[in-house]
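Trainee: My questions all concern the structure below.
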Amino acid sequence: QPLLLCGYSGIGKTRTVLQACVQCPMLFNALFFNCYEQFISIFNTKLRKYFDSSTDESIYLIVDDVSLDEWSRLTEILKNYSNVHTVSIEEMGQADIDPTYKMLVQMRPYDETDVIKIVRNHCPSLSDEELKDIFRLSDNDIRFAFLIADSYSQLEKK
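Letter by letter, the sequence shown follows residues 2 to 159 in our numbering.
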């Protein structure tokens, strides 16, 4: 059954999955789709034949930006392919979480310390003062914090 990874926007769900693909040699050839519609389009034209002909080969699939309905349809489509291992990624808030789904929930960074630790790892050359500014500006949105941090880093290089 596909795994659903869900959490707030900008906390690093997709980045976490892609980083795992970079660090784990067996995931180097994972197939990544930006959205369910992209997956379904390619599945119906090419992937179905590939999945049917590759039953002895493990296939790793990442489908980003799915809704719960799309995840249910994806689960139904892939139920007969035991060799296809899938991670789907969804943006959702805690109120939307249904405990009956097989999912991992990646929560928003808890506080200033969490955000600063994550951004410092991304841009180690930034000062404590710059990191605190980034935290205040980003409102715990890690994607936005990285954009700000990258801008600060570019200014330092000039």
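In this text, a Cβ means the ideal position worked out from N, Cα and C, and glycines have one as well.
(1) Enumerated in chain order, which unbroken segments of the alpha helix (DSSP H) with a length of 4 residues or greater are wholly contained in the segment 43 to 80?
(2) For glutamine 95, count the other beta carbons within 10 Å of its own beta carbon; 16 or more makes it buried, fewer makes it exposed. Which is it?
(3) Considering isoleucine 135, what are the terminal residues of the alpha helix (DSSP H) in which it resides?
(4) Output the distance between the C-alpha atoms of alanine 21 and isoleucine 60, rounded to the nearest integer angstrom.
(5) Can you round the beta-carbon distance between tyrosine 9 and glutamate 131 to whole angstroms, since I take them to be within the 8 Å contact cut?
(6) Using C-beta distances below 6 Å, list every residue in its chain close to leucine 138, excluding the 5 sequence neighbours before and after it, in chain order.
(7) Taking the alpha-carbon of leucine 19 as reference, which of Ser89, Gln155, Ile135, Phe52 has the nearest alpha-carbon?
(8) Whole-angstrom Cβ separation of phenylalanine 52 and valine 85, contact assumed at under 8 Å?
(9) Count the CB pairs spanning the segment 63 to 78 and the segment 32 to 46 that are closer than 8 Å, and state whether there are at least three.
(10) For cysteine 22, does the three-state DSSP call read helix, strand or coil?
(11) Return yes when the Cβ of cysteine 124 is within less than 8 Å of the Cβ of serine 154, no when it is not.
(12) For phenylalanine 29, which three-state DSSP category applies?
(13) The beta strand (DSSP E) spanning serine 10 covers which residue range?
(14) If we call anything under 8 Å between Cβ atoms a contact, is leucine 6 one with lysine 14?
(15) Can you tell me which of the three DSSP states serine 83 falls into?
(16) Going by C-alpha distance, which of Leu48, Ile41, Thr46, Asn81 is nearest glutamate 71?
Mentor: Inspection of the coordinates gives the following:
(1) 49 to 54, 69 to 79
(2) Bear in mind that a pLDDT of 45 at glutamine 95, under 50, signals an unreliable position, so the model cannot answer this.
(3) 129 to 139
(4) 15 Å
(5) The pair is not a contact, with the Cβ atoms about 24 Å apart (cut-off 8 Å).
(6) Ile149
(7) Ser89
(8) 6 Å
(9) yes
(10) helix
(11) yes
(12) coil
(13) Element bounds for serine 10: n/a, residue is neither H nor E.
(14) yes
(15) coil
(16) Ile41
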